[in-house]
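The structure appears right after this line, and notes come after that.
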Amino acid sequence: MRIFDPHIHMSSRTTDDYAAMHAAGVRALVEPAFWLGQPRTSVGSFTDYFDALVGWEPFRASQFGIAHHCTIALNPKEANDPRCFPVLELLPRYLEKDGVVAVGEIGYDSMTAEEDKAFAAQLALAIDHDLPALVHTPHRDKAAGTERSIAVVRESGIAPERVVLDHLNEVTVRMVKESGCWLGFSIYPDTKMDEDRMVAILREYGPERVLVNSAADWGKSDPLKTRKTGDAMLAAGFTEDDVDRVLWRNPVEFYGQSGRLSLESGSAPAEFAGNSILRGARK
Numbered sequence: 065m066r067i068f069d070p071h072i073h074m075s076s077r078t079t080d081d082y083a084a085m086h087a088a089g090v091r092a093l094v095e096p097a098f099w100l101g102q103p104r105t106s107v108g109s110f111t112d113y114f115d116a117l118v119g120w121e122p123f124r125a126s127q128f129g130i131a132h133h134c135t136i137a138l139n140p141k142e143a144n145d146p147r148c149f150p151v152l153e154l155l156p157r158y159l160e161k162d163g164v165v166a167v168g169e170i171g172y173d174s175m176t177a178e179e180d181k182a183f184a185a186q187l188a189l190a191i192d193h194d195l196p197a198l199v200h201t202p203h204r205d206k207a208a209g210t211e212r213s214i215a216v217v218r219e220s221g222i223a224p225e226r227v228v229l230d231h232l233n234e235v236t237v238r239m240v241k242e243s244g245c246w247l248g249f250s251i252y253p254d255t256k257m258d259e260d261r262m263v264a265i266l267r268e269y270g271p272e273r274v275l276v277n278s279a280a281d282w283g284k285s286d287p288l289k290t291r292k293t294g295d296a297m298l299a300a301g302f303t304e305d306d307v308d309r310v311l312w313r314n315p316v317e318f319y320g321q322s323g324r325l326s327l328e329s330g331s332a333p334a335e336f337a338g339n340s341i342l343r344g345a346r347k
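If you count the sequence shown from 1, position 177 lands on 241 in my numbering, and the numbers rise without skipping.
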């Protein structure tokens, strides 16, 4: 089983996690820029963080035979902090870098006026830089936030097939599918979605435009949830081709729209030397 995790925060994870992910079949991933759990107090802290996403973390992943990509943005939660809003002026510098395959995470946390401004501005940047967009739907007022997100996407003029709305659930899946955007699902131990609920959604709505991720971060999460979802799909009667579509071909298709996707993981330590390196898309 080959796996591309389209949303996982590896800066919060250990090298043991990288090793376990490789053993489970993960060969590529996308790490979105996100809130670190405490407030950033200056634009310089974002610069250091973005530099790590485009430099250090890809190197760390390559040591375990995993191709690392990232998305860059001012996240919704920090869009409400006036100390952070100037980050928007910094983003164009990073959105031109190799390995940056989308603008994200953008969208809503509390659906404030400040978040409205940051969301619209960053969708415009996605258009200007010819990149897809990764949209974070809010954890509170999920249905209203998702509906509002779809409206903002439409107003922006970006093509819906270049947008994924993430952290969806049973309440929001239909409206996103009907919008023409991609559907993102985060599989967590206790919150968001679990493997069985994901299988039920795939049965009802099919695998088209579906991205399944672990979104593993510094909270209670599991970087192997993509593999566990694939196993649950097989146990429920889905074919190996269905699993490959959801866990590999779909994320390759979505992020491949950036023109920057590289599935060559680079060097790996001796214990992975016998594994073939997966290649695809353009460097």
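Ideal Cβ placement from N, Cα and C applies to all residues, glycine included.
By the Cβ test, the segment 81-96 is not in contact with the segment 105-112, since fewer than three Cβ pairs between them sit closer than 8 Å.
Taking C-beta atoms as the reference points, residue 171 and residue 220 fail to come closer than 7 Å. In this structure, the alpha-carbon of residue 285 lies about 13 Å from that of residue 78.
Residue 196 places its beta carbon less than 7 Å from that of residue 226. The residues 201, 206, 207, 210, in chain order, have a CB closer than 7 Å to that of residue 236 in the same chain once the five nearest residues on each side in sequence are set aside. Annotation: the continuous alpha helix (DSSP H) that includes residue 308 extends over 304-308. Rounded to the nearest whole angstrom, the C-alpha separation of residue 98 and residue 279 is 11 Å.
Less than 7 Å separates the beta-carbon of residue 164 from that of residue 134.
Closest by C-alpha distance to residue 153, out of 185, 176, 141, 132, is 185. For the options 238, 246, 234, the alpha carbon positioned closest to that of residue 224 is the one of 246. Note that the C-beta distance between residue 230 and residue 244 is not below 7 Å.
In terms of Cβ geometry, residue 68 and residue 253 do not form a close pair [threshold 7 Å].
DSSP, read as helix, strand or coil, puts residue 230 in strand.
Each residue's CA atom was taken as its position, placing residue 145 and residue 193 some 25 Å apart.
Counting only the Cα atoms, residue 258 lies some 13 Å from residue 287. For residue 133, the enclosing beta strand (DSSP E) begins and ends at 131-136. The beta-carbon separation of residue 159 and residue 136, rounded to 6 Å, stays under the 8 Å limit for a contact. Following the DSSP letters along the chain, one finds residue 277 inside the beta strand (DSSP E) bounded by residues 274-277. Under the three-state reduction of DSSP output, residue 92 falls in the strand class. In terms of Cα proximity to residue 326, the closest of 65, 305, 122 is 122.
Per DSSP, the beta-bridge partners of residue 256 are 251. Scanning 289, 178, 96 for the CA closest to the CA of residue 116 turns up 96.
In this structure residue 324 is buried. Its beta-carbon is surrounded by 16 or more other beta-carbon atoms within 10 angstroms. Unbroken beta strand (DSSP E) runs of no fewer than 3 residues, entirely contained in the segment 151-208, are found at 164-171, 197-200, following chain order. Distances from the alpha-carbon of residue 250 to those of 240, 239, 238, 233 put 233 closest.
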